[in-house]
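Read the structure below first, then the notes.
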Amino acid sequence: MRVAVIAGDGIGKEVTAEAIKVIAAVGERFGQRFELEQLPWGADYYLQSGVTIPPNGYDLLREFDAIFIGALGDPRVPDNRHARDILLGTRFELDLYVNYRPVKLLDERLCPLKGRGPADVNFVVFRENTEGLYVGVGGRFKPGTDDEVAIQEELNTFKGVHRIVKHAFEFAGAKGLTKVCMADKSNAMTQGHALWQRVFKELAPKYPGITATHYYIDALAMYMVLDPGQFQVIVTNNLFGDIITDLGATFQGGLGMAASGNIHPGKTSMFEPVHGSAPKFAGKNIANPIGAISSAALMLETKGFTREAEAIDKAVLKAVREHQVTADIGGQLGTREAGDYIVNHLHP
Ligand code: NAD
Ligand code: IPM
Ligand code: MN
Numbered sequence: 000m001r002v003a004v005i006a007g008d009g010i011g012k013e014v015t016a017e018a019i020k021v022i023a024a025v026g027e028r029f030g031q032r033f034e035l036e037q038l039p040w041g042a043d044y045y046l047q048s049g050v051t052i053p054p055n056g057y058d059l060l061r062e063f064d065a066i067f068i069g070a071l072g073d074p075r076v077p078d079n080r081h082a083r084d085i086l087l088g089t090r091f092e093l094d095l096y097v098n099y100r101p102v103k104l105l106d107e108r109l110c111p112l113k114g115r116g117p118a119d120v121n122f123v124v125f126r127e128n129t130e131g132l133y134v135g136v137g138g139r140f141k142p143g144t145d146d147e148v149a150i151q152e153e154l155n156t157f158k159g160v161h162r163i164v165k166h167a168f169e170f171a172g173a174k175g176l177t178k179v180c181m182a183d184k185s186n187a188m189t190q191g192h193a194l195w196q197r198v199f200k201e202l203a204p205k206y207p208g209i210t211a212t213h214y215y216i217d218a219l220a221m222y223m224v225l226d227p228g229q230f231q232v233i234v235t236n237n238l239f240g241d242i243i244t245d246l247g248a249t250f251q252g253g254l255g256m257a258a259s260g261n262i263h264p265g266k267t268s269m270f271e272p273v274h275g276s277a278p279k280f281a282g283k284n285i286a287n288p289i290g291a292i293s294s295a296a297l298m299l300e301t302k303g304f305t306r307e308a309e310a311i312d313k314a315v316l317k318a319v320r321e322h323q324v325t326a327d328i329g330g331q332l333g334t335r336e337a338g339d340y341i342v343n344h345l346h347p
């Protein structure tokens, strides 16, 4: 398997180094050859060269079996242009319409919700990843004046909504799950989200073994906190999915714990921790590498390396149970040392 690695900015570089270490080690232990090719794209590269992603960048990425990304975002690039081209650009250009974000609590002590344990926090969020408010359609009129007008359109297409909602139902069916919840804001967004309502109502009856429920996104946020155990699969649009997966990450112990995949089934897909570049933490060897390492496991699992992925998940669980982790989740290790512990506990 050939993997393109974009470590990116800030703590992205540090957590990616640990994820790479783990991928190499698990490959060695199971006799697999994983070829990892580092691409230099990120804020430094952009500030030096003026290039966010080279003209053939997306085609280059398509040649790989998978893509791994650390994080993108740097205070020296206030308009976030490079992240838009590299991260969002890859999601759009490679049509990675499934943003798969599992919310799984590994140990009760990491959960900020009173009395909740791993049995209560174990669901997945499918975030639509190629349209919605992220498409950048709009503009500003008379910018910088008192007459400024700013317009940013939310794009919802039948094809886009249908394929992500269908994916959520198919995933539930394949995993033997029985509940899918769709969240929108169709009470206020009576055009775009009426389409979500239509599609959900059309698809739900095709899955008789699955209970389909709907919440408005504001109520969903409330129920996630109050009673997370009711959820198995949540499907929602691009922006709402972004927001509720940071909330979900807190249930897992914080942003440092959450993993994700940007997936187009059967095509080159991209894996990354949910968190960003956390500039304040950068270069201090304090970032939690587990989100990145679990994203690497997700990548291996998606590519059919099930045993390798399981070995990583088991080592991560052991690190958490033995408190061999970084300070954000109550440990005393640095980023590198936390990665080392996981590397040293990868057993077939
Ligand atoms: P962030 O996720 O970078 O950090 C928010 C806070 O979460 C941090 O201050 C820290 O307290 C905690 N945190 C995050 N990752 C952690 C880790 N691995 N270990 C321990 N604690 C961790 O979000 P932000 O501060 O809103 O954004 C910073 C930059 O990252 C911005 O430029 C933003 O656009 C970008 N960003 C990029 C991605 C991505 O590349 N996928 C995702 C989110 C944000
Ligand atoms: C994420 C991030 C990105 C998003 C930002 C960096 C544009 O927050 O991957 O969750 O909003 O999708
Ligand atoms: Mn986000």
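Quick note, the sequence shown lines up with residues 0 to 347 if you use numbering that gives the first Met the number 0. No residue lacks a Cβ here, since even glycine has one placed at the ideal position from N, Cα and C. The structure presented is a predicted model; accordingly, all values stated were derived computationally and were not measured.
Exercise for the section: Mind reading off the beta-carbon distance from V4 to F125? Whole number of angstroms is fine, and I expect it under 8 Å. Expected result: That belief does not hold up - the Cβ atoms of V4 and F125 are roughly 25 Å apart, past 8 Å.
Problem - Proximity of R83 and E36 at Cβ, strictly below 8 Å - result: no
Practice task
Identify, in the order they occur along the chain, each residue of the same chain with its Cβ nearer than 7 Å to the Cβ of L38, setting aside the five sequence neighbours on each side.
Solution key: A3, V4, I5
Handout entry: Pairwise C-alpha distance: G138 and Y350
Key = The chain is shown only over 0 to 347; residue 350 falls outside these bounds and no answer can be derived.
Problem - Cβ pair count under 8 Å reaching 3, the segment 154–163 against the segment 92–99 - result: yes
Handout entry: Whether N236 touches L194 by CB criterion (8 Å)
Key = no
Practice task
Check whether the Cβ atoms of A70 and G260 sit closer than 8 Å, and answer yes or no.
Solution key: no
Problem - Identity of the residue in P117, K283, N287 nearest G255 by Cα - result: N287
Exercise for the section: With a cut-off of 8 Å on the beta carbons, I'd call T249 and P111 a contact; round off their distance for me. Expected result: 6 Å
Handout entry: Rounded C-alpha distance that separates Q385 from G7
Key = Only positions 0 to 347 of the chain appear in the structure, and residue 385 is not among them; the question remains open.
Exercise for the section: Taking only the alpha-carbon atoms, compute the straight-line gap between I242 and H263 and give it to the nearest angstrom. Expected result: 21 Å
Exercise for the section: Could you tell me if the beta carbon of V134 falls within a distance shorter than 7 Å of some heavy atom in ligand 2? Expected result: no
Practice task
Assuming G290 and A257 form a contact by the criterion Cβ under 8 Å, report the distance between their Cβ atoms to the nearest whole angstrom.
Solution key: 5 Å
Practice task
Spatial neighbours of G208 within its chain, please: CB distance less than 8 Å, with the 5 preceding and 5 following residues excluded, ordered by chain position.
Solution key: G172, T177
Exercise for the section: Using DSSP bridges, identify the partner residues of L349. Expected result: With the chain covering 0 to 347 only, the question about residue 349 has no answer from this structure.
Practice task
Pull up the CB-CB distance for I311 and A296, whole angstroms please, since I reckon it's below 8 Å.
Solution key: 4 Å
Problem - Simplified DSSP assignment, three categories, for H346 - result: coil
Handout entry: Exposure label - G175; buried when at least 16 CB within 10 Å
Key = exposed
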